[in-house]
Amino acid sequence: MSDERHDINCDCGCNEEEQGMVTLTLDDGTEMECIVLTIFPVNGNDYIALLPVEEAENDDDGEVFLYRFKQLEGDDIELLNIEDDDEYEAVADAFDQFLDDEEFQEILDEEEE
Numbered sequence: 002m003s004d005e006r007h008d009i010n011c012d013c014g015c016n017e018e019e020q021g022m023v024t025l026t027l028d029d030g031t032e033m034e035c036i037v038l039t040i041f042p043v044n045g046n047d048y049i050a051l052l053p054v055e056e057a058e059n060d061d062d063g064e065v066f067l068y069r070f071k072q073l074e075g076d077d078i079e080l081l082n083i084e085d086d087d088e089y090e091a092v093a094d095a096f097d098q099f100l101d102d103e104e105f106q107e108i109l110d111e112e113e114e
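Throughout the sequence shown, residue numbering follows our numbering, covering 2 to 114 in sequence.
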């Protein structure tokens, strides 16, 4: 993946309908459906931000899950836990910047209407 940001609104094909959702299997074996909010690069690695569908449907601010993201062959992906505190801080900061950029873009779009 290049250094550009990808999200559920981009038209590059990274978020075809079947890729806009991810099923996480939790430690206790339960599954949680999540919406792909964005895929973004940090320090040469790609990361993914996921929001549980249940929280999105309830309009909760909700907890966003951040994982290192790897595209495998075909449509398969691999999500890796972020173990290092410094790496997590960098990824969280990049995601916060994404949210700030999205909020700013929404304000610009409203002004244009």
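Even for Gly, the Cβ is constructed at its ideal location relative to N, Cα and C.
Beta carbon of residue i nearer than 9 Å to that of residue j
{"i": "VAL65", "j": "LEU81", "result": "no"}
{"i": "GLU84", "j": "PHE70", "result": "no"}
{"i": "ASN44", "j": "ALA93", "result": "no"}
As assigned by DSSP and simplified to three states, the class of residue i
{"i": "LEU109", "result": "helix"}
{"i": "LEU27", "result": "coil"}
{"i": "LEU73", "result": "coil"}
{"i": "ASP85", "result": "coil"}
{"i": "ASN10", "result": "Its pLDDT being 44, under 50, ASN10 is placed unreliably by the model, and nothing is read from it."}
{"i": "PHE34", "result": "Looking at the sequence shown, residue 34 is not Phe but Glu. In this structure, GLU34 counts as strand in the three-state DSSP scheme."}
{"i": "GLU79", "result": "strand"}
{"i": "VAL43", "result": "strand"}
Exposure of residue i, with buried meaning 16 or more beta-carbon neighbours within 10 Å
{"i": "PHE41", "result": "buried"}
{"i": "LEU109", "result": "exposed"}
{"i": "LEU38", "result": "buried"}
{"i": "PHE105", "result": "exposed"}
{"i": "GLN98", "result": "exposed"}
Inter-residue CB distance, residue i and residue j (contact presumed, cutoff 8 Å)
{"i": "LEU25", "j": "TYR48", "result": "With a Cβ gap of about 15 Å, LEU25 and TYR48 do not count as contacting."}
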